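As they're listed, the protein sequences go chains C and R. Position in the first sequence (first residue = 1) + 800 = the working numbering. Position in the second sequence (first residue = 1) + 420 = the working numbering.
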Amino acid sequence: MIFDSYSLLNCAILTPLAFAVIVCCLRPTSAAAIRWLSILGSLLTGVLSVMIYTRFNSSDAGFQMVQKITWVAPLDLSWHVGVDGISVVMILLTGLVGFAATLVAWDVTKRQKEFYVLLMIILSGAMGMFASLDIFFIYFFHELALIPTFLMIGIWGSGQREYAAMKMTLYLSAGALVALFGLIALYVGLPADERTFDVVKLVAFAKGQPFSAGFQHLVYPLLLFGLGALVSLVPLHTWAPIGYGCAPTATAMLHAGVLKKFGLYALLRIVLPVLPSGAEDWNWLLLALLLGNIVYGGLVAMRQKNFNYLLGYSSVAHMGFAFLGIATFTYLGITGTVLLMFAHGLSAALAFALSGFFFAQTGTREMSELGGLCKRMPFIGTAIVMAGFASIGLPGFANFPSEVMVLFGAWQVKAWGVKVGGATLSWPVIVAIWGGAVLGAVYMLRAVRDVCFGVLPAKWQQLSDANFPAKLPYVVLLGALIWAGVYPRELVDTIKPAAIAVVEAMEKTKAREPLPPKPKPVQAKRAVKPAK
Amino acid sequence: MNLSLLKLEIATAGLAMLVLMLDVFTRRDDKRFLGAISAAGLTAILAWSFWGGMVEGAGFHGMWINDALALFFKRLFLIATILVTVMSVGFAGKIESGVGEFFALILFACTGMMLTASVSDFVMLFVALELVTVSFYILTSFLRRQVASLEAGVKYLILGALSSAFLVYGITFIYGATNTTSFAGLAEFLSAKGATGLVLLGVLLVLAGLGFKVASVPFQIWVPDVYQGAPSPVTAFLAVGSKAAGFALLLRLLYGGLLPMKATWVALIAVLAAVTILYGNLAAIPQKNIKRLLGYSSISHAGFLLLGVAAATAFGTGAVLFYLFAYVFTTLGAFLVIVCLAHATADDEIASYAGLARRSPLLAAAMTVALVSLAGVPPMAGFFAKFLVLSAVIGQQLWWLAAVGAVGVVASLYYYLGVVKAMYWQEPRDEGAIAVSLPMKATLWCVMGATLLIGVYQGPFVAWAFDVAGRFMK
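What follows is the structure, given as structure tokens:
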């Protein structure tokens, strides 16, 4: 039967691709058909993602709905799909944001057919990267999703679109390439007859025979920086604000909401379970960089004048919290990170969608030119306020429980004196993190004030609010945010077994022998004084 | 003398003679049918290579070897030549006279390439290579009224002759020192006595000669001008056929005669690969002419192919074979578009590609598929090819080489995407739609389909390449 639980994942990957092909075959002039078919495609994908989520048995820690087809036998590369608690949540996120983004793309009129085709390809790539359990396909689907963003920003973007598209693509491709080197290193690091691209096999093998300390020490930074660039880890973050500032709304939603989570996801899925010693060795660096995200990203966000740039820097800052959860190496922190990926995905997509809505009418995102939008756009204005609250992490929205879990995870490490690598999380770090959270509240509330309240400039008197069908994407995203915020237990229970599995794998795959000590520089021996 | 070892080459040469003869009886306006005949004939020969019961074995006093690798390369050359011939049919309108000879010369060059795949002796190597090169001397300057084409021809002639001179000079040194011209004899000599001064000099000179053919730094100097000036199908054939022939010879020589001194040449090839990748990719960045850009990009691809050679493992050789296979379809896809546009635009400037997506969505899509594949982006064939060569290099712990490869990939993304940018973002100079003939359309779809298929369903192709490499290296 077509809806066997294992084939659901294949359906979720292939449905948007099939719709991309169908839309591709239509005439560019049949605008309505193109639009409705694309919406149907993303709706089906969204329904499939919800079905995958509901059929997932959260009491089972292993991978479910697994299907494996050998693809390239000589390399042990296979089409291997399956979900655990982490990926099933990401798939749900992809389905929701994908549907909302397709609806938001409603007012794209310029070269509409190409836009929807590219959107469907991104959706398929995003589904594929979270559903795959093969290193090659995880990378493959990520790139499949990434390249359309180049075209979309270049063709449909605003402002410095050409520069933004090129910068973002080069940064992300370079990051992905460095990460690919790390992944290939994992492959060739296995003994010749055990080499595999299969993540499950790789982790199982490493549990029995961990990678050596030297290998972990060498390969982890490749993956940290490569994947970090995809998540805008400072100092590789500068593509994010300009990229999102210039991207068309649907692209910014999908990229900030879904694609950006790929680096974190790959760290949890592939890197931590096989390179824990490397992660511990380099954790001091990760901590330093993520503090950069939280504090520096927050400070830069304070100074932004353009609403989308502000959202871009705010997402840089939030990614710092997501990294923090990973850096705790506790199941609590990791669960928090996954929940934060879900929450931030929804709230970032929501914020970009709302900014796109008023930009379509005002033609500007400069906060100094806006103001009082609540008067003319009560629905959109309220939604902006709620998105701002969600971003700050007020209770009631999914961001709150997730950030709390991340911070508790970090606190746990502190409270029990657990050393994180060489560095113990100490008071100044905790203070800096809380300071970053306060910064987040300040810039977001200021932005909400500048955009939604105050005097409505005379030239914006003609603005109109969203009508019913246009409200739907915001309702979907807000609904999911509030559901996960009011009843986070549902998602937490799903994620927790998988997070525990990651931590357990890390225990078993630690290098058995310590890192060889560095040869000490030979000191010039002083002339030995003759004993008196 | 077992002539059945040579039957594919004999058939191809016979086809070339047939085309020459038919040329006499063909009216001036019907000359392009000769192209159709030669494409059909080549397709038949390709089919024969699958169902004709190919004989494997050595012959002609050790000068000739027909093995899995030879057969792989021969099929590759046949496929490339078929596509180039179809492309030339679309281009024939631009050729003033001698259309029949044009097709015949392509077939002769193809025969020469097929000979290179089976070489196991220096004399044979020289003969095979000269058959290819001499055919190309004429082909590059075929547009006799165009200065650029003549310039390309003269440059190719002078530098080609120079490289041939290197080659012969090197062969004489090797013969003088070892008293043999066969690869097997050279290997015996090297493992018995080691690389003495004169043999080493000879080997270096021979490798320099091959460096010209594959266009690796520092023997790449002819590439940009010749690629820009030569008729587009000839440029395509140079980029694909001539380069692949150079790699066939390189593999034969390195794993045949020079196997005992592997440690030495691995280092040499690794350095050449790094320099070639850097030069090709960095020099491509400021280019304004698409054929010149593809010229530099072909230098960089020579570098990436050398990565697989530098790995010096069965995996590396398999990666090279897969890379060449993917490269044929990808590069010919790009040149097909250039040929289709030859009638619509006066020059091959990238600026004239502005707004191509509006004027002909098919051509823009085909060019994008080709360029994205050349850049090594999934889901195209070029991605998996790069993935394999980089894996091969990382597998040998050559981290610095892999890092150079990474720099090359990112730089290449910049200039390939620059062309995509022009086609999709910029406004066209004139809005006129571009007509594409039906056979060209069909070929474009085939090449695009092949690029995607090899990129997405790599299994059978990788298995084939690795099987061939495994049998060759055993």
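Here a beta-carbon is modelled for each residue, glycine too, at the ideal position from N, C-alpha and C. Predicted model only: the values in this text are computed from it and were never measured.
query                                                                                                                                        : result
Sheet register partners of residue 947 of chain C (DSSP bridge)                                                                              : None; residue 947 of chain C has no bridge partner.
Interface positions of the segment 855-883 of chain C facing chain R (Cβ-Cβ less than 9 Å), listed along the chain                           : 870, 871, 872, 873, 874, 875, 877
Pairwise C-alpha distance: residue 1283 of chain C and residue 921 of chain C                                                                : 29 Å
Contacting residues, own chain, Cβ-Cβ under 7 Å from residue 966 of chain C (five flanking each side not counted)                            : none
DSSP three-state assignment for residue 1077 of chain C, whether helix, strand or coil                                                       : helix
Same chain only: Cβ atoms within 6 Å of residue 666 of chain R, ignoring 5 sequence neighbours per side                                      : 630, 633, 634
Residue of C/988, C/867, C/1020, C/1066 minimising C-alpha distance to residue 941 of chain C                                                : C/1066
Contact the segment 776-788 of chain R vs the segment 878-885 of chain R: 3+ CB pairs below 8 Å                                              : no
Span of the beta strand (DSSP E), counted from its first residue to its last, around residue 871 of chain C                                  : 864-872
Pick from R/447, R/621, R/874, R/748 that is closest to residue 722 of chain R, judged by C-alpha positions                                  : R/748
Contact the segment 1073-1081 of chain C vs the segment 1003-1018 of chain C: 3+ CB pairs below 8 Å                                          : yes
4 or more residues per run - each alpha helix (DSSP H) lying fully within the segment 1134-1197 of chain C                                   : 1173-1176, 1178-1192
Beta-carbon contacts of residue 532 of chain R that lie in its chain and below 6 Å, excluding the five residues immediately before and after : 548, 551, 552
C-beta neighbour in chain C for residue 471 of chain R, strict 9 Å                                                                           : no
Beta carbon of residue 979 of chain C nearer than 9 Å to that of residue 946 of chain C                                                      : no
Cβ-Cβ distance between residue 626 of chain R and residue 578 of chain R below 9 Å                                                           : no
Members of the segment 928-948 of chain C near chain R, C-beta cut-off 7 Å                                                                   : 940, 943, 944, 947
CB contact below 9 Å: residue 809 of chain C versus chain R                                                                                  : no
Buried/exposed call for residue 481 of chain R, threshold 16 Cβ in 10 Å                                                                      : exposed
Closer than 9 Å to chain R by CB, residue 1030 of chain C                                                                                    : no
Contact check, residue 545 of chain R vs residue 428 of chain R, beta carbons under 9 Å                                                      : no
Selected residue, minimal CA-CA separation from residue 904 of chain C, among C/936, C/848, C/836                                            : C/836
Simplified DSSP state of residue 854 of chain R, which is helix, strand or coil                                                              : coil
Range covered by the beta strand (DSSP E) that runs through residue 1037 of chain C                                                          : First-last for residue 1037 of chain C: undefined, no H or E at that position.
Cutoff 6 Å; reference residue 1303 of chain C; Cβ partners in own chain excluding five residues on either side                               : 1131
Min CB distance residue 1266 of chain C to chain R below 9 Å                                                                                 : no
Three-state secondary structure (DSSP) of residue 602 of chain R                                                                             : strand
Top-ranked residue by Cα proximity to residue 622 of chain R, from R/650, R/643, R/588                                                       : R/588
For residue 478 of chain R, the three-state DSSP class (helix, strand or coil)                                                               : strand
Proximity below 9 Å, CB of residue 955 of chain C to CB of residue 994 of chain C                                                            : no
Same chain, Cβ closer than 8 Å to residue 909 of chain C, five either side skipped, listed in chain order                                    : 831
Per-residue burial, residue 813 of chain C [other beta carbons within 10 Å of its own, 16 or more giving buried]                             : buried
Reduced DSSP category for residue 515 of chain R - H, G, I as helix; E, B as strand; rest coil                                               : coil
Touch test, the segment 1233-1244 of chain C against the segment 1089-1096 of chain C, Cβ-Cβ under 8 Å, three pairs minimum                  : yes
Segment contact flag, the segment 556-566 of chain R with the segment 593-604 of chain R, C-beta cutoff 8 Å, min 3 pairs                     : no
Exposed unless 16 or more other CB atoms sit within 10 angstroms - verdict on residue 870 of chain C                                         : exposed
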